[in-house]
Amino acid sequence: MAQVTSTVAAEEKPPTVWYALDSKQVIARLSSDAHQGLDSATAKQLLTDLGANELTGKKSKPWWLKFLLQFNQPLLIILLCAGLVKVLTGSFVNAGVIWGVTITNAMIGFVQESKAENAIAALAKAITTEATLIRDGQKIRISSRELVPGDIVLLTSGDKVPADLRLIQVRNLQIDESAITGESVAVEKNTQILQPDAALGDRKNMAYAGGFVTFGQGTGIVVATGNATETGRISQLMEQHTDISTPLTRKFDKFSQNWLYMVLALATLCFVVGLSFRGFQEALEAAVALTVSAIPEGLPAVVTVTLAIGVSRMARRHAIIRKLPAVETLGSATVICSDKTGTLTENQMTVQAIYAGGRQYTFTGIGYTPTGEILVDEKPVDLNRAKGLQECLIAGLLCNDSHLEKKNGRWEVIGDPTEGALIASANKAGFQQTALNQQMPKLDSIPFESDYQYMATLHATPQGTTIYIKGSVEAILQRCNLMLNTDGEPRPLDCVETLRQTTIEREVNIMARQGLRVLALAKKPVSNEQNGVDHPDIANGLIFLGLQGMIDPPRESAIKAVQACQSAGIQVKMITGDHAITAQAIARRMGINNNGAVLAFTGAELAKMDQTELAQVAQEGAVFARVAPEQKLRLVEALQSKGEVVAMTGDGVNDAPALKQADIGIAMGGAGTEVAKEASDMLLTDDNFASIEAAVEEGRAVYKNLLKAICFILPVNGGESMTILISTLLARDLPILSLQVLWLNMLNSITMTVPLAFEPKGKNVMAQPPRRPNEPLLSRSRLGRILAISLFNWIVIFGVFEYIRQTTNNIDLARTMAINSLIAGRIFYLLSISQLVPNLMARLSGTLPNNNRVPVIGLGIIGAILLQIVFAHVPLINDVFETAPLSLQQWLFCLAVGSPMIIWSAFVNRFDPPN
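Residue numbers (this note's numbering): 39 to 953.
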């Protein structure tokens, strides 16, 4: 019993390489018996020692602590400080408003991030099932939670594998392990000993927890349960690699820290200088006013709304965002690591080439849809003159246990995808499976067995009883002594000996280099009295009918999307559990390459590399095949170590750690497992790579709009801060009070800034290279823009306030007109950075697409004007905010003072174009 514990407990001893041991050795090491299984007492003790066969995650933080941690962000700290300042000055209502904004932002983050932590729970569901096993020599069925190492488990078609098993007996066993290994088709299992360095997808004598038995039967001994299984290892990888910050959050953190330091420095300067000219209370009021004016209280709300608009736009293009910052992250992606099956490809096997009767044929059409042409020399074939082709197609249709069904307007295979492709190819020639089965009823069959590599069926045909066979080229050819010509006539082997050795093998190699999976088909006429078929019946004397080459073809939309991404400077890399040759062929078809080269690396090769070599290979390679879950994770980390912003797609349990580590994890909404979805930042509702390209486009547009919003909000804070600071230095009355600043920053700014989130994307958004990951949020040109517009705002506020105060001696009126002049200038500035005017002109000329929104900015401007009318003319607001009503002439004066912004902003746009 101690032996068992030591082999399972990874922390005490390196795990045993079970697939490299003989099954008898495995049984002996686990103190079990192949026929009797474990006895109940031993099983009970092992369950007590090792725990239940379920995944256990580390203890999570309490919800209240998770919520409090949401406030550990510089931008929210600034808002908390602003609220605290207002409390210290007795402005409790203002403090409540500011803290309300802060709490709202924290709640949004809390809800979004809580969803991601359900990944471990989803993993646990993925392996919870019942198991049939042998204990005390009896066949029993128990919950998979009660399994322990040494249990003998029985598998049959339709079962979910309940734990990691070393197979000790199989009969035509096939297991779908796509969720664990990424293998696109079910794996044929055997019991042969493997090399210790065998890749996860090549361990054919193992059955892993979470796999699904699609065919046959098998018996295996449990070698790992719970967290010790491959699925458990994936769970631990996810715990070790927590969510990393996105480029947007990193830039906002840096920006917020710098802004916080600047605000504190200016407030301190203002307070110290104020003490030289005024009393303590007045100096504190000036410092408080400057602090409030410099803090962009409305910015978090604007950012949240802008990202939310991006979420809505992406949803219309089949991309569902689970975490708000992921909207922008896609726009800054420099590398997209994509799975192959179903994302880049159709996930429907399709026959594309046939060699029959000594001729090559190509097939058009995609998937199981029975539409398409059969071409020879690029011309439609006359089937009546291609009897050899007809025989090859009929053989594929009859020697078949699957069928096609149309569901929701889409053809699907019920059974094996390879057999579905054979049915579809025959349908394109006009052969119908139901009608043919009635004309040539099946009498008997030999199911496919991995030991023989073929399947055979016996049929009663109008020409007599016939055996049809399909299988691997090697298994079929060695049993053939005849082959059909184009007219369907058999030729003796001695007439085609050279042909058989050269042409057929050459055709096989041509198809293989194209990434096609090749099946050979043959037949054998037998006596009409024969009503059964067995292996000796097809040991020799077969007539070779032809080859059918099939592949899961790339999506046409995905090919265009890959080209669009590459034109935008984004590298596309294929990471798949499939074989390297197939993946490389698909990559060539899709144009996935690195400087024209399609370098492919296997998981076995990656395992031998250190971190430095891997980082180099990760950048140079275009295809990574047969990779294990931890290798996907290492590839993402290697690319990130080179400064890349990585988007990673995946749909299986094996993809979850890499999805969580990537800057943005993209899961398949249709075919994806719940584990992958919970670990992701974004879901594709149509499982199509083209939707990623669309989301990248929207992400870039969102970032552009975010920058516009920042460059619109901050100059107001800059102008207000400069006004208060200079007034303090000159010992003048403050032209704007802290409560008035709050009105500007919270209400007016948001009203005019939010519409920028609805700005349509620019025409050349995908013609530009990705932003540098280390590019600051405020570049030198943007900083120049903010300073220039801030200077104009300061001149307007300070100049109007001093002029009106001196001419009217009414300080409330002076402050009201200064603020309204500022708003007039802001309206002209908003028009200069938005696409409202160009779009209005384009709409009048009839060149504006229907999906562009013109009126939203206009509505924001109208809203801002209405707010200022309330600000100046509602008595209650006059009392609270210390403002005064304006005459029509005074309103026109404010408009005239703000109008020079038209010329000033045009000058600024020359060195920092907004679009």
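Glycine residues also receive a C-beta, built at the ideal position from the N, C-alpha and C atoms.
Assigned with DSSP and collapsed to three states, VAL414 falls in strand. Pairing MET647 with LYS670 gives a Cβ-Cβ distance that is not under 9 Å. Apart from the 5 residues on each side of it in sequence, ILE849 sits with its Cβ closer than 7 Å to the Cβ of ASP771, ARG843 in its chain, given in chain order.
Assignment of GLU731 by DSSP, reduced to helix, strand and coil, places it in the helix class. Straight across, the Cα-Cα distance linking SER565 with LYS425 is about 23 Å. A contact between stretches requires three or more CB pairs, one per stretch, nearer than 8 Å, and the region 602-609 fails this requirement with the region 573-592.
DSSP, read as helix, strand or coil, puts ILE404 in coil.
Counting along the chain, ALA805 sits inside no alpha helix (DSSP H), nor does DSSP assign it H or E at all.
When DSSP reads this structure, CYS375 sits in a beta bridge with LYS611, MET686.
DSSP places TRP929 inside the alpha helix (DSSP H), whose first and last residues are 926-936. Looking only at LEU775, GLY688, ILE452, VAL918, the smallest Cα-Cα distance to ALA332 is reached by LEU775.
Residue pairing by DSSP places PRO563 opposite THR504 in a beta bridge. Using a Cβ distance threshold of 9 Å, ILE259 and LEU211 do not count as a contacting pair. Under DSSP, GLN176 shares a beta bridge with ARG173. Secondary structure of GLN654 (DSSP, three-state): helix.
The beta strand (DSSP E) runs lying completely inside the region 432-512 and spanning 3 residues or more are 441-445, 448-452, 480-487, 492-499, 502-509, given in chain order. Per the DSSP secondary-structure output, GLN207 pairs in a beta bridge with THR257. CA-to-CA, the gap between LEU933 and VAL340 works out to about 26 Å.
Annotation for GLY837: no beta strand (DSSP E) segment contains it, though the alpha helix (DSSP H) segment containing it runs 818-846. TRP102 sits exposed, since fewer than 16 C-beta atoms from the chains shown fall within 10 Å of its C-beta. ARG881: member of the alpha helix (DSSP H) spanning 874-883, first to last residue.
In this structure ARG173 is not in contact with ALA90, their Cβ atoms being roughly 16 Å apart against a cut-off of 8 Å.
Residue state for ASP725 is assigned as coil, using DSSP reduced to three classes. Per DSSP, reduced to three states, the secondary structure at VAL665 is coil, with no helix or strand assignment. A buried status is given to LYS698, since no fewer than 16 other beta-carbon atoms sit within 10 Å of its beta-carbon.
DSSP places ARG397 within a strand segment (E or B) once states are collapsed to three. Put simply, the region 860-876 touches the region 784-799. At least three CB pairs are less than 8 Å apart.
The straight-line gap separating the alpha-carbon atoms of GLN255 and GLU813 is approximately 57 Å. In summary, ALA656 is buried, with 16 or more beta-carbon neighbours lying within 10 Å of its beta-carbon over all protein chains present. Counting along the chain, no alpha helix (DSSP H) covers ASN519; the unbroken beta strand (DSSP E) around it starts and ends at 518-522.
At the C-beta level, MET706 and GLY249 stay beyond 9 Å of one another.
As a beta-bridge residue in DSSP terms, GLY587 pairs with ALA391, VAL556.
Counting other Cβ atoms within 10 Å of its Cβ, SER61 reaches 16 or more and is therefore classed as buried. For the 9 Å CB-CB criterion, CYS430 and ILE613 do not form a contact. Distance between ILE576 and GLU487, taken at the CA atoms: about 14 Å. Judged by DSSP in its simplified three-state form, ALA625 adopts helix.
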